[in-house]
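Each remark here refers to the structure printed beneath this line.
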Amino acid sequence: MTLTIAIDGPAAAGKGTLARRLAAAYNLAYLDSGSLYRGTALSLLRSGLEPAEPAAVAAARGLKPELLADPEIRAEATGKLASQVAAIPAVRAALLDWQRGFAQHPPEGKRGAVLDGRDIGTVVLPDAMVKLFITASDEARAMRRFKELQAKGETAIYARVLEDMRERDARDTARSTAPMRPAEDALIIDTSAFDADQVFRQAKDHIDQIIIRT
Numbered sequence: 008m009t010l011t012i013a014i015d016g017p018a019a020a021g022k023g024t025l026a027r028r029l030a031a032a033y034n035l036a037y038l039d040s041g042s043l044y045r046g047t048a049l050s051l052l053r054s055g056l057e058p059a060e061p062a063a064v065a066a067a068r069g070l071k072p073e074l075l076a077d078p079e080i081r082a083e084a085t086g087k088l089a090s091q092v093a094a095i096p097a098v099r100a101a102l103l104d105w106q107r108g109f110a111q112h113p114p115e116g117k118r119g120a121v122l123d124g125r126d127i128g129t130v131v132l133p134d135a136m137v138k139l140f141i142t143a144s145d146e147a148r149a150m151r152r153f154k155e156l157q158a159k160g161e162t163a164i165y166a167r168v169l170e171d172m173r174e175r176d177a178r179d180t181a182r183s184t185a186p187m188r189p190a191e192d193a194l195i196i197d198t199s200a201f202d203a204d205q206v207f208r209q210a211k212d213h214i215d216q217i218i219i220r221t
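For any residue, its number in my numbering is found by taking its place in the sequence shown, counting from 1, and adding 7.
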């Protein structure tokens with residue numbers, strides 16, 4: 008049985024942490040789809056190019072896998088540009104087959120895959136066995152990101168982090184192609200008041216029930 012888990016949600020809701028834990032628990036391959044858009048954005052930044060459609064599409068099509076492991080892919084500037092790049096329909100189309108291929112043919116002989124992003128359950132893998140939508144309040148997510156930046160030694164202002172997060176959410180939910188929203192059959196988990204262990208247990212209980220019924 009191939010187990011495919013699609014996890015969507017906004018930034019700093021905890022979906023990445025959950026996705027990695029579920030991948031380890033069920034021996035699945037893991038793909039952070041956001042890294043593809045970050046990699047595209049980083050390629051543009053290093054080339055000194057604007058995120059106009061022709062340049063962004065070319066960067067997506069020529070994306071090198073090793074770029075996904077570059078530490079700079081997690082920088083704030085990369086993340087901001089990635090959100091703009093992800094709103095370009097042709098870029099999303101260029102990366103769609105990459106994501107589906109990963110899920111259909113998981114590396115290292117894994118029994119399935121966990122993909123997280125913003126349109127995995129609605130567009131990339133609409134037939135995924137399990138769909139989760141991980142969310143949290145704007146304030147909770149901004150505080151998590153604020154503390155994360157401080158831990159890295161980066162200068163951060165909470166109000167600005169909150170503003171940037173709301174702007175990114177607006178772009179992700181309002182874009183005409185693959186807007187961020189829960190799939191109709193997704194389990195929605197609000198992590199505002201939960202720690203990582205509580206979220207993991209809730210998700211795992213849900214997945215185990217689906218496996219039993221399948």
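Note that the Cβ used here is the ideal one computed from N, Cα and C, for glycine as well.
Check your understanding: Where DSSP assigns a beta bridge to THR11, which residues make up the other side?
Key -> As a working mapping, residue 11 is identified with position 4 in the sequence shown. The partner list for THR11 (beta bridge, DSSP) reads ALA120.
Review point. Do the stretch 182 to 190 and the stretch 161 to 173 make contact, defined as three or more Cβ pairs closer than 8 Å?
Key: As far as the Cβ criterion goes, the stretch 182 to 190 does not touch the stretch 161 to 173, which means the pair count is below three.
**Study point:** Distance, GLY86 Cα to LYS159 Cα
**Key:** As a first step, residue 159 must be located in the sequence shown, where it is residue number 152. As a first step, residue 86 must be located in the sequence shown, where it is residue number 79. The C-alpha of LYS159 lies about 15 Å from the C-alpha of GLY86.
**Study point:** 8 Å contact criterion, which GLY128 and ILE80 should meet: CB distance rounded
**Key:** Translated into positions along the sequence shown, residue 128 becomes position 121. Translated into positions along the sequence shown, residue 80 becomes position 73. With 8 Å as the limit, GLY128 and ILE80 do not qualify as a contact, their Cβ atoms being about 24 Å apart.
Check your understanding: Do THR11 and GLY124 have their C-beta atoms closer together than 8 Å?
Key -> Walking along the sequence shown from the start, residue 11 turns up at place 4. Walking along the sequence shown from the start, residue 124 turns up at place 117. Between THR11 and GLY124, the C-beta spacing is not below 8 Å.
Practice item. Taking 8 Å as the cut-off, decide whether the C-beta atoms of ALA97 and GLU155 are in contact. Key: Here residue 97 refers to the residue found at position 90 when the sequence shown is read from its first residue. Here residue 155 refers to the residue found at position 148 when the sequence shown is read from its first residue. No; because the gap between Cβ atoms is not below 8 Å, this pair is not in contact.
Check your understanding: Taking the alpha carbon of GLU191 as the point to measure from, which residue in ASP134, ILE218 and ASP179 has its own alpha carbon closest?
Key -> To locate residue 191, count along the sequence shown from 1; it is residue 184. Measuring C-alpha to C-alpha distances from GLU191 to each of ASP134, ILE218 and ASP179 identifies ASP134 as the nearest.
**Study point:** Given TYR37 as reference, the closest of ALA181, ILE141 and VAL121 once Cα atoms are compared
**Key:** Within the sequence shown, numbered from 1, the residue matching residue 37 stands at position 30. Nearest option by C-alpha distance: VAL121.
**Study point:** Ranges of the beta strand (DSSP E) found wholly within the stretch 101 to 162, counting only runs of at least 3
**Key:** List check, beta strand (DSSP E) in window: 119 to 124 and 137 to 142.
Exercise for review: Please go through the same chain and pick out, in chain order, the residues whose beta-carbon is closer than 7 Å to the beta-carbon of PHE207, but skip the five residues on each side of it.
Suggested key: By one-based count along the sequence shown, residue 207 stands at place 200. Taken in chain order, the residues that qualify are LEU25 and ARG28.
Review point. Which one or two residues does DSSP pair with ILE4 in a beta bridge?
Key: In this structure the chain extends from 8 to 221, so residue 4 is not present and cannot be described.
Check your understanding: Do PRO58 and LEU49 have their C-beta atoms within less than 8 Å of each other?
Key -> Here residue 58 refers to the residue found at position 51 of the sequence shown. Here residue 49 refers to the residue found at position 42 of the sequence shown. Against a cut-off of 8 Å, the Cβ pair of LEU49 and PRO58 comes out as no contact.
Review point. Can you round the beta-carbon distance between THR294 and ALA143 to whole angstroms, since I take them to be within the 8 Å contact cut?
Key: A query on residue 294 cannot be resolved here, the shown segment of the chain reaching from 8 to 221 and no further.
**Study point:** Cβ neighbour criterion (16 or more within 10 Å) applied to GLY116
**Key:** For the purposes of this step, residue 116 is identified with residue 109 of the sequence shown, where counting begins at 1. Using a 10 angstroms sphere on the CB of GLY116, the tally of other CB atoms stays under 16, which defines it as exposed.
Point to revise | Cα-Cα separation between ALA94 and ILE218, rounded to whole angstroms | key: Sequence index remark: in the sequence shown, residue 94 carries index 87 (1-based). Sequence index remark: in the sequence shown, residue 218 carries index 211 (1-based). Their Cα atoms are separated by approximately 34 Å.
**Study point:** Continuous alpha helix (DSSP H) stretch holding ALA210: start and end
**Key:** Reading the sequence shown from its first residue, position 203 is the one you call residue 210. For ALA210, the uninterrupted alpha helix (DSSP H) segment begins and ends at 203 to 220.
Review point. Would you say ASP123 faces chain C, with C-beta separation under 8 Å as the test?
Key: Looking at the structure shown, chain C is missing, and only one protein chain is on hand.
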